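Chains as they are written, first to last, in full-length UniProt numbering: chain B, 1 to 252; chain C, 1 to 252. Quick notes on the structure that follows.
Number of protein chains: 2
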Amino acid sequence: MPTSEPVPRSLLGRAFTLLSVFTADRPSATLSELSRHSGLPLSTTHRLVQELIAHRALDKDGSGRFTIGLRLWELGALSPGALDLRERALPYLEDLFEVTHHNVQLAIRDDLEVVYVERISAKDAVNVVTRMGSRLPLHATGVGLVLLAYAPPEVQERALDTELKQFTKHTITTPNALRSALATVRRDGYAISDRQIETITYSVAAPVRGPGGDVAAAVSVVVPTQTRTDTVLPAVRACGRAISRALGWRRV
Amino acid sequence: MPTSEPVPRSLLGRAFTLLSVFTADRPSATLSELSRHSGLPLSTTHRLVQELIAHRALDKDGSGRFTIGLRLWELGALSPGALDLRERALPYLEDLFEVTHHNVQLAIRDDLEVVYVERISAKDAVNVVTRMGSRLPLHATGVGLVLLAYAPPEVQERALDTELKQFTKHTITTPNALRSALATVRRDGYAISDRQIETITYSVAAPVRGPGGDVAAAVSVVVPTQTRTDTVLPAVRACGRAISRALGWRRV
DNA sequence: CCCACTCTTCCACTGGATGGAAAGTGTCCG
DNA sequence: CGGACACTTTCCATCCAGTGGAAGAGTGGG
């Protein structure tokens with residue numbers, strides 16, 4: 001979401017730059033805000049916004065602010081990478097939530113990031129930092145470690161060559177620590193992320209495999225640090241296997 | 001999704017026409033199929049597709065077919081009209097599912113259609129005709145009747161002036177029948193849709209109110225015709241009220 | 001090999017998109 | 001009330017991003 005980068009010359013590039021102004025922290029924006037944050041001239045912004053509204057990609061609320069429209073959500077719901085997986089996994093995620101009573105998350109890998117495709121949390125849940133659609137770096141979360149440990153070697157190399165962002169003093173920040181953590185995941189078949197994003201939670205994660213045995217996603221439970229991770233680990237791993245079977249995976 | 005309509009002249013119009021080729025029944029498509037179904041010339045289609053891929057709005061799978069990409073899903077996840085509501089409602093929907101063990105759905109109104117924003121179903125659920133993001137006409141579903149009964153008068157008038165599509169021999173197809181059904185909903189405070197879409201199911205629906213008391217959504221349970229609707233009705237209504245409270249509604 | 005189908009590339013041309021400037025609207029303050 | 005300011009909308013001569021027919025490349029089957 002650049003104001004320091006050159007504005008794209010292509011119309012679609014501009015439209016997507018404009019849509020990128022909307023984030024979880026800025027779910028709505030005025031025309032001037034859209035212009036400022038996108039770097040597009042005001043009248044260009046105005047014209048683009050009007051057309052995006054015509055296509056229901058943007059909506060205008062009562063106070064003159066714009067929000068992402070239903071049409072994008074409908075189209076997004078057709079994305080097999082996210083929602084197909086989510087729908088098949090949901091019953092098992094709910095089972096996991098029922099037996100653990102902790103926050104449950106399902107995530108996939110998109111390049112060097114985790115994308116959360118589902119989260120089930122209680123009404124009075126322990127600190128929640130993710131939502132549907134949100135992203136975090138692979139190295140800093142349980143699901144991310146699982147997805148990275150089983151990712152193609154060139155993906156792993158790229159991740160190890162990337163600066164590892166620090167969230168807490170527990171976050172993995174060196175390539176050697178990450179390499180070691182990934183080896184541990186592959187040896188154990190699961191990951192425990194220890195206060196890497198928040199100092200009050202652990203994340204226990206297990207792989208979800210597609211029909212061909214590839215790790216297509218990861219499921220995790222987030223627990224407060226007072227909770228022993230081994231009380232939820234079997235359920236998380238069982239959930240990962242159940243979803244894998246629902247996706248067509250068979251143990252060889 | 002027109003091949004009989006003129007192709008838009010504007011680029012954004014063309015892009016959205018192209019994206020509209022993807023449906024629940026056609027989650028992936030080849031370049032030629034996209035060209036054929038959108039009415040856009042092959043080379044235009046090719047160029048648009050390449051750029052949409054660059055923006056992650058489309059993905060290409062291993063067999064050369066295109067699918068809707070993650071980026072649209074991420075953007076759509078920011079749509080307050082759908083997912084904000086969904087996230088607040090999810091715990092209550094899960095409760096409803098636990099106590100009824102039947103399919104639970106949450107829907108909003110978009111003009112003269114129902115848009116389903118959540119569905120929770122068991123692994124061995126009775127016939128499922130809706131999915132997240134899918135649409136049905138207001139007159140033919142429990143949630144649609146609720147949403148229409150409490151919609152602004154001009155919306156109701158427009159619905160009554162529209163041809164009422166028939167799905168089964170039980171579907172409401174005349175304005176008088178619809179007017180009467182809406183009056184019943186407003187009198188009772190809930191709706192029962194009797195085999196209107198599928199001849200083997202009833203849908204029991206109740207309103208979900210926003211902070212100002214407006215009916216912002218509707219929640220329903222779909223049950224097989226052997227099930228007595230009055231066994232689930234109190235739970236559906238309680239769920240509607242619980243979600244309403246979570247949205248800030250207070251009974252006056 | 002030929003055929004049918006799908007996908008990719010090319011480029012002279014053009015019309016959809018541009019954005020600075022002006023006009024319009026709304027709010028706040030002296 | 002008028003002025004200042006911020007935000008939104010409109011206008012239009014200009015221009016360059018987008019166009020699509022045609023040719024070429026690739027694939028699979030007979």
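Virtual Cβ for every residue (Gly too), placed ideally from N, Cα, C. Bear in mind that the values here come from a model prediction, so they are computed numbers and not experimental data.
Under 7 angstroms between C-beta atoms of residue i and residue j
i, j, result
"G142/B", "S220/B", "yes"
"I120/B", "L93/B", "yes"
"V204/C", "L233/C", "yes"
"T17/C", "S38/C", "yes"
"V7/B", "L48/B", "no"
"residue 255/C", "G69/C", "Look at the range of chain C in this structure, 1 to 252, and you will see that residue 255/C is not part of it."
"I192/C", "T229/C", "yes"
C-alpha gap between residue i and residue j, whole angstroms
i, j, result
"L11/B", "E98/B", "47 angstroms"
"E118/B", "R135/C", "22 angstroms"
"W73/B", "L52/C", "16 angstroms"
"S43/C", "T23/B", "34 angstroms"
"Y202/C", "A149/B", "47 angstroms"
"A15/B", "L75/B", "16 angstroms"
"D95/B", "Q105/B", "12 angstroms"
"E33/B", "D61/B", "15 angstroms"
"M1/C", "E154/C", "Caution applies to M1/C, whose pLDDT of 47 falls short of 50 and renders its modelled position unreliable; the value that the coordinates give is listed next. If you take the alpha carbons of M1/C and E154/C, they lie about 27 angstroms apart."
"A54/B", "D214/C", "25 angstroms"
"T184/C", "W249/C", "23 angstroms"
"G13/C", "Y116/B", "30 angstroms"
"S241/C", "T45/C", "As written in the sequence, residue 241/C is Arg, which differs from the Ser given in the question. Approximately 48 angstroms, taken between the alpha carbons."
"L182/B", "R245/B", "24 angstroms"
"D188/C", "D25/C", "37 angstroms"
"P137/C", "L19/B", "29 angstroms"
"A218/B", "V114/C", "33 angstroms"
"S180/C", "R186/C", "10 angstroms"
"R131/B", "L31/B", "26 angstroms"
"T231/B", "Q156/B", "30 angstroms"
"R9/B", "Q50/C", "16 angstroms"
Closest by C-alpha distance to residue i, when choosing among the options
i, options, result
"Q226/C", "A107/C, R119/C, Q50/C, H102/C", "H102/C"
"P207/C", "A57/C, E118/C, T201/C, A107/C", "A107/C"
"S35/C", "V21/C, G133/C, R26/C", "V21/C"
"G133/C", "A77/C, L178/C, G64/C", "A77/C"
"P224/B", "G210/B, R47/B, D194/B", "D194/B"
"T199/B", "A217/B, V222/B, G210/B, T184/B", "V222/B"
"P175/C", "V104/C, T184/C, W249/C, H139/C", "H139/C"
"A122/B", "T100/B, V115/B, R109/B", "T100/B"
"L145/C", "R250/C, I172/C, G213/C, K60/C", "I172/C"
"G210/B", "Q196/B, V185/B, I243/B", "I243/B"
"G212/C", "A54/C, D188/C, P153/C, L247/C", "L247/C"
"A159/C", "T168/C, H170/C, R109/C, T184/C", "R109/C"
"D111/C", "A29/C, A216/C, A54/C, R245/C", "A216/C"
"S28/B", "L58/B, T130/B, A181/B, R186/B", "L58/B"
"Q196/B", "H170/B, Y190/B, R186/B, D188/B", "H170/B"
With a cut-off of 8 angstroms, do at least 3 Cβ pairs link the segment 82-93 of chain B to the segment 80-99 of chain C? no
On the three-pair Cβ rule with 8 angstroms, is the segment 230-237 of chain C touching the segment 155-171 of chain C? no
By the 8 angstroms beta-carbon criterion, what residues does the segment 212-237 of chain B contribute toward chain C? none
Contact residues within the segment 58-87 of chain C, judged by C-beta distance below 9 angstroms to chain B: D59, D61, T67, I68, G69, L70, R71, L72, W73, E74, L75, G76, A77, L78, S79, P80, G81, A82, L83, D84, R86, E87
What residues in the segment 24-46 of chain B have a beta carbon less than 8 angstroms from any beta carbon of chain C? A24, P27, S28
Select from the segment 182-209 of chain B all residues with a C-beta closer than 8 angstroms to any C-beta belonging to chain C, and list them in chain order. none
Of the residues that make up the segment 11-23 of chain B, which ones have a beta carbon closer than 9 angstroms to any beta carbon in chain C? L11, L12, G13, A15, F16, L19, S20, F22, T23
Compile a chain-ordered list of the residues in the segment 128-156 of chain B whose CB is closer than 9 angstroms to at least one CB of chain C. R131, M132, G133, S134, R135
Interface positions of the segment 89-102 of chain C facing chain B (Cβ-Cβ less than 9 angstroms), listed along the chain: L90, P91, Y92, E94, F97, E98
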